[in-house]
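Colleague: Attaching a single structure in structure tokens format; questions to follow.
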Amino acid sequence: MAELAIAAAKSLFAVISALGVTAVLLWIERKGSALIHDRIGANRAAIVGLLPFNLGFVNTLLADPIKLFTKEDFVPEGADRTLHALAPFLALVPVLVVFAAIPFGDVLRIGTREINLQAASLDIGLLYILAMVSLSVYGIVLGGWASNNRWALLGGIRGSALMISYELAMGLAIVAVVMTYGTLDLQAICRAQGELLFGVIPSWGVVYQPLGFLILLIAGMVESKRVPFDQPEGESEIVAGYFTEYSGSKQAAFMFTDFAEIVVVSALVTTLFFGGWQVPYLHVSGFVLPGGLTLALPHLVVAALQVASYLVKVLFFCSLQILVRWTLPRYRYDQVMALGWKRLLPLALINVVATALVVVGWGG
Amino acid sequence: MLAEYIPVLVTFLVAGLVGLVMVLGSRLFGTRARGRIKMRPFECGNPPSGPARQRFPVKFYLVAIFFIAFDLEIVFMYPWAVIFRELGIFGLIEMFLFIAVLTLGLVYVWRKGALEWES
Chain A
1 MAELAIAAAK
11 SLFAVISALG
21 VTAVLLWIER
31 KGSALIHDRI
41 GANRAAIVGL
51 LPFNLGFVNT
61 LLADPIKLFT
71 KEDFVPEGAD
81 RTLHALAPFL
91 ALVPVLVVFA
101 AIPFGDVLRI
111 GTREINLQAA
121 SLDIGLLYIL
131 AMVSLSVYGI
141 VLGGWASNNR
151 WALLGGIRGS
161 ALMISYELAM
171 GLAIVAVVMT
181 YGTLDLQAIC
191 RAQGELLFGV
201 IPSWGVVYQP
211 LGFLILLIAG
221 MVESKRVPFD
231 QPEGESEIVA
241 GYFTEYSGSK
251 QAAFMFTDFA
261 EIVVVSALVT
271 TLFFGGWQVP
281 YLHVSGFVLP
291 GGLTLALPHL
301 VVAALQVASY
311 LVKVLFFCSL
321 QILVRWTLPR
331 YRYDQVMALG
341 WKRLLPLALI
351 NVVATALVVV
361 GWGG
Chain B
1001 MLAEYIPVLV
1011 TFLVAGLVGL
1021 VMVLGSRLFG
1031 TRARGRIKMR
1041 PFECGNPPSG
1051 PARQRFPVKF
1061 YLVAIFFIAF
1071 DLEIVFMYPW
1081 AVIFRELGIF
1091 GLIEMFLFIA
1101 VLTLGLVYVW
1111 RKGALEWES
């Protein structure tokens, strides 16, 4: 029974922390874009009378959902009402469940109990994540189709073609990672990244797979459908793409999906290429620096440092993607399809072949 | 073995609940104001000029077909990637033949011009 409670608590933590990071990201996006545009940004939400001072992001985080949930639930005439309601659900849920398989810390020991800080210890974790990320495309296609709007249809078709194209490069980049570590278990991949290369460099995935890292990051940014890859929802071309005819909380679900996908991509990049929860030179008993210097730390501090390290890395990659989104202009559709099929796919194939040769040549 | 999937089930339930709240939220708490013209699909202010679900370029179908072919082949590479250290040189040569066929397919599609969007 206690096992079941722990499992439920870990799942809850995984989903709720993902929702929390996503919500904070919405605020980082608004303030970050304001910083880049040299304007003030979201500063109007103040609870007048209750809180005379501006609490910044807390107010925005409260005001945004209240606004969205009290909007009219608009369904245009001629739309398929069932599919119109199903589409945001199908887009959001697969992205949220991805977090079940991503480890956010090492083993936590409380008394005699050992808790693996990963909601579901799947030995096929990577396949599960790939499968769930792929499912999200149904929400976009159905949303575009059900709306009875030609901009929405165009956006839906563009989005589906774009997402499945970049899934190939993404899949191949992950194959190379799997070859490097010889497992699909994300916790095992994280643990393998705790060793040191030449006694100094942490053996993070990016050291072995720099090309795979770039391919996965680019393909992941396409999956989140944002500038420079926002052809499915390009405002200046097709109004808002597949969610043109959505309003209120359903539109919020689509927006949330995009942001949650940013978090998924960041979490995946962190786990596969940047050591996941690993802190350089931090071992079970504390810091062991290359010079022979040691600093013993209690177990709880070590565990907390590791979880914090995971969150910091994820937030760093989220911020990086937001920076890219507000820096670059949008690609043309043919350019972005050419990038996927003619550049990233061959590069990813070469990466797999090179990885295979190196691993076998090294005497694996 | 199967117990490992209980947390996945719980995660699905939680995520499903979040999704349900997001889909039904505006229907429960939102305002409502109907109008004949308001319910029209949005085409930048003009009345819709004909049905929305019309034909679209066949290139998108081609992309879908290529995706299925290439994605299946990539999925075949996952089991090999996990155990190829044990398979050694034999597995390497076998898989390189497989990748060569995959690359040939890509080169064929490319040369045929199926990846061009401008034509």
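If you read the sequences in order, they're chains A and B.
Here the first sequence stands for residues 1 to 364, numbered as in our numbering.
Here the second sequence stands for residues 1001 to 1119, numbered as in our numbering.
In this text, a Cβ means the ideal position worked out from N, Cα and C, and glycines have one as well.
Because the structure is a prediction, the values reported are computed rather than measured.
Quick check: A:Tyr281 and A:Ala219, are their CB atoms within less than 7 Å of each other?
Modeller: The residue you call residue 281 of chain A lines up with position 281 of the first sequence. The residue you call residue 219 of chain A lines up with position 219 of the first sequence. Contact: no.
Colleague: Could you give the C-beta distance for A:Trp277 and A:Val307, rounded to a whole number, given that I count them as a contact under 8 Å?
Modeller: The sequence position of residue 277 of chain A within the first sequence is 277, counting from 1. The sequence position of residue 307 of chain A within the first sequence is 307, counting from 1. Indeed they touch by this definition, with Cβ atoms about 6 Å apart.
Colleague: Under a three-way DSSP split, which group does A:Arg226 fall into?
Modeller: Here residue 226 of chain A corresponds to residue number 226 of the first sequence, with the count starting at 1. It is coil, neither helix nor strand.
Colleague: Give the C-beta separation of A:Leu92 and A:Thr244 to the nearest angstrom, bearing in mind that I take them to be a contact with Cβ-Cβ under 8 Å.
Modeller: Position 92 of the first sequence, counting from 1, holds the residue named residue 92 of chain A. Position 244 of the first sequence, counting from 1, holds the residue named residue 244 of chain A. Actually they do not touch by this definition, with Cβ atoms about 18 Å apart.
Colleague: With a Cβ-Cβ cutoff of 7 Å, do A:Ile102 and A:Ala354 count as a contact?
Modeller: Translated into the one-based positions of the first sequence, residue 102 of chain A becomes position 102. Translated into the one-based positions of the first sequence, residue 354 of chain A becomes position 354. No. Outside cutoff.
Colleague: Looking at the unbroken alpha helix (DSSP H) that takes in A:Asn351, where does it start and where does it end?
Modeller: Residue numbering aside, residue 351 of chain A sits at position 351 when the first sequence is read from its first letter. Note, A:Asn351: alpha helix (DSSP H), 345-361.
Colleague: Within the 7 Å Cβ cut-off, does B:Val1014 reach chain A?
Modeller: Position 14 of the second sequence, counted from the first residue, corresponds to residue 1014 of chain B. For B:Val1014, the answer is yes, since a Cβ of chain A falls inside 7 Å of its Cβ.
Colleague: Determine, using beta carbons only, whether A:Leu61 and A:Ala23 come nearer to each other than 7 Å.
Modeller: Taking the first sequence and counting its residues from 1, one reaches residue 61 of chain A at position 61. Taking the first sequence and counting its residues from 1, one reaches residue 23 of chain A at position 23. In this structure, A:Ala23 lies closer than 7 Å to A:Leu61 by Cβ.
Colleague: With 8 Å as the limit, tell me which residues of the stretch 107-122 of chain A have their beta carbon closer than that to any beta carbon of chain B; keep them in chain order.
Modeller: The stretch 107-122 of chain A vs chain B, Cβ under 8 Å: Ala119, Ala120, Ser121, Leu122.
Colleague: Given this structure, state the Cα-to-Cα distance separating B:Leu1092 from A:Leu344, to the nearest angstrom.
Modeller: For the purposes of this step, residue 1092 of chain B is identified with residue 92 of the second sequence, where counting begins at 1. For the purposes of this step, residue 344 of chain A is identified with residue 344 of the first sequence, where counting begins at 1. Going from the Cα of B:Leu1092 to the Cα of A:Leu344 covers about 23 Å.
Colleague: In terms of alpha-carbon separation, which member of A:Leu108, A:His37, A:Ala253 lies closest to B:Leu1017?
Modeller: Numbered from its first residue, the second sequence carries residue 1017 of chain B at position 17. Looking at the Cα atoms, A:Ala253 is the closest of the given residues.
Colleague: Just list the alpha helix (DSSP H) runs in the stretch 196-249 of chain A, keeping only unbroken ones of 4 residues or longer that don't cross its boundaries, in chain order.
Modeller: Listed in chain order, the complete alpha helix (DSSP H) runs (minimum 4 residues) inside the stretch 196-249 of chain A are 205-208, 210-223, 235-238.
Colleague: Along the stretch 164-176 of chain A, where does the CB come closer than 9 Å to a CB of chain B? Name the residues.
Modeller: The residues in question are Ile164, Ser165, Glu167, Leu168, Gly171, Leu172, Ile174, Val175, Ala176.
Colleague: When the cut-off is 7 Å and only beta carbons count, does A:Arg191 lie next to chain B?
Modeller: Along the first sequence, one-based indexing puts residue 191 of chain A at 191. It does not; no Cβ of chain B falls within 7 Å.
Colleague: Measuring alpha carbon to alpha carbon, tell me which of A:Arg158, A:Gly125, A:Phe273 ends up nearest A:Val141.
Modeller: For this step, residue 141 of chain A is matched to residue 141 along the first sequence. Residue A:Arg158 is the option with its Cα nearest to A:Val141.
Colleague: Give me the Cα-Cα distance between A:Phe104 and A:Ala303, rounded to the nearest whole angstrom.
Modeller: Mapped onto the first sequence, residue 104 of chain A falls at position 104. Mapped onto the first sequence, residue 303 of chain A falls at position 303. C-alpha separation (whole angstroms): 10 Å.
Colleague: Could you give the residue range of the beta strand (DSSP E) that holds A:Val288?
Modeller: For the purposes of this step, residue 288 of chain A is taken as residue 288 along the first sequence, with counting starting at 1. Here the beta strand (DSSP E) through A:Val288 covers 286-288.
Colleague: Going along chain A in order, which residues have a C-beta closer than 7 Å to the C-beta of B:Phe1029?
Modeller: As a first step, residue 1029 of chain B must be located in the second sequence, where it is residue number 29. Within chain A, the residues near B:Phe1029 are Phe69, Thr70.
Colleague: Locate the alpha helix (DSSP H) running through A:Leu12, then write down its first and last residues.
Modeller: The count along the first sequence starts at 1 and reaches residue 12 of chain A at position 12. From DSSP, the alpha helix (DSSP H) with A:Leu12 extends over 2-37.
Colleague: Please check if any C-beta of chain B sits within less than 7 Å of the C-beta of A:Lys358.
Modeller: Here residue 358 of chain A refers to the residue found at position 358 of the first sequence. Inspection of the sequence shows that residue 358 of chain A is occupied by Val rather than by Lys. For A:Val358, the answer is no, since every Cβ of chain B falls outside 7 Å of its Cβ.
Colleague: Decide if A:Ala296 is buried, meaning its Cβ has at least 16 other Cβ atoms within 10 Å, or exposed.
Modeller: In the first sequence, residue 296 of chain A corresponds to position 296, counting from 1. The residue in question, A:Ala296, is exposed, as its Cβ has fewer than 16 Cβ neighbours within 10 Å.
Colleague: Going by alpha carbons, who is nearest to B:Phe1066 out of B:Ser1049, B:Leu1102, B:Pro1041?
Modeller: Stepping through the second sequence from its first residue, residue 1066 of chain B is reached at position 66. Among B:Ser1049, B:Leu1102, B:Pro1041, the Cα nearest to that of B:Phe1066 belongs to B:Leu1102.
Colleague: Under 8 Å between beta-carbons, which chain B residues line up against A:Tyr333? List them in chain order, please.
Modeller: Within the first sequence, numbered from 1, the residue matching residue 333 of chain A stands at position 333. Simply Trp1117.
Colleague: Look at the alpha carbon of B:Ala1033 and the alpha carbon of A:Trp145, and state the distance between them as a whole number of angstroms.
Modeller: Numbered from its first residue, the second sequence carries residue 1033 of chain B at position 33. Numbered from its first residue, the first sequence carries residue 145 of chain A at position 145. Taking the straight line joining both Cα atoms gives about 25 Å.
Colleague: DSSP on A:Gly81, reduced to helix/strand/coil?
Modeller: As a first step, residue 81 of chain A must be located in the first sequence, where it is residue number 81. The sequence given here places Arg at residue 81 of chain A; Gly does not occur at that position. In this structure, A:Arg81 counts as helix in the three-state DSSP scheme.
Colleague: Could you check whether B:Arg1085 and A:Gly182 sit closer than 7 Å to each other, using their CB atoms as the reference points?
Modeller: For the purposes of this step, residue 182 of chain A is taken as the residue at position 182 of the first sequence. For the purposes of this step, residue 1085 of chain B is taken as the residue at position 85 of the second sequence. Going by C-beta atoms, A:Gly182 is nearer than 7 Å to B:Arg1085.
Colleague: Grab me the residues of A:Pro76's own chain with a C-beta within less than 8 Å of its C-beta, minus the 5 sequence neighbours each way, in chain order.
Modeller: The residue given as residue 76 of chain A occupies position 76 in the first sequence. Ser147, Asn148, Asn149, Glu245, listed in sequence order.
Colleague: Going by C-alpha distance, which of B:Ile1074, B:Arg1036, B:Ala1003 is nearest B:Pro1047?
Modeller: Walking along the second sequence from the start, residue 1047 of chain B turns up at place 47. Minimum Cα distance to B:Pro1047 is reached at B:Arg1036.
Colleague: For A:Val284, which residues from the same chain have a beta carbon less than 7 Å from its beta carbon, with the 5 sequence-adjacent residues on both sides left out?
Modeller: As a working note, residue 284 of chain A is residue 284 in the first sequence. Within the same chain, A:Val284 has close Cβ partners Val302.
Colleague: Taking only runs that begin and end inside the stretch 285-331 of chain A, name each unbroken alpha helix (DSSP H) of 4 or more residues, in chain order.
Modeller: Within the stretch 285-331 of chain A, the complete alpha helix (DSSP H) runs of at least 4 residues are 299-325.
Colleague: Please state whether DSSP places A:Leu117 in a helix, a strand or coil.
Modeller: Translated into the one-based positions of the first sequence, residue 117 of chain A becomes position 117. Three-state DSSP puts A:Leu117 in coil, outside helix and strand.
Colleague: Between which two residues does the alpha helix (DSSP H) carrying A:Leu108 extend?
Modeller: Taking the first residue of the first sequence as 1, we reach residue 108 of chain A at position 108. That residue, A:Leu108, is in no alpha helix (DSSP H); its beta strand (DSSP E) goes 107-110.
Colleague: Can you pull the DSSP bridge partners for A:Leu282?
Modeller: To locate residue 282 of chain A, count along the first sequence from 1; it is residue 282. A:Leu282 is bridged to A:Phe287.
Colleague: Quickly, what does DSSP pair B:Glu1043 with across the bridge? List them, please.
Modeller: For the purposes of this step, residue 1043 of chain B is identified with residue 43 of the second sequence, where counting begins at 1. In DSSP, B:Glu1043 forms a bridge with B:Asn1046.
Colleague: Listing by chain order, which chain B residues have their CB less than 9 Å from the CB of A:Glu245?
Modeller: Mapped onto the first sequence, residue 245 of chain A falls at position 245. Going along chain B in sequence order, the residues near A:Glu245 (Cβ under 9 Å) are Pro1041, Phe1042.
Colleague: So the candidates are A:Ile16, A:Val137, A:Trp326, A:Glu235; which of them puts its Cα closest to the Cα of A:Pro88?
Modeller: The sequence position of residue 88 of chain A within the first sequence is 88, counting from 1. Per the Cα distances, A:Val137.
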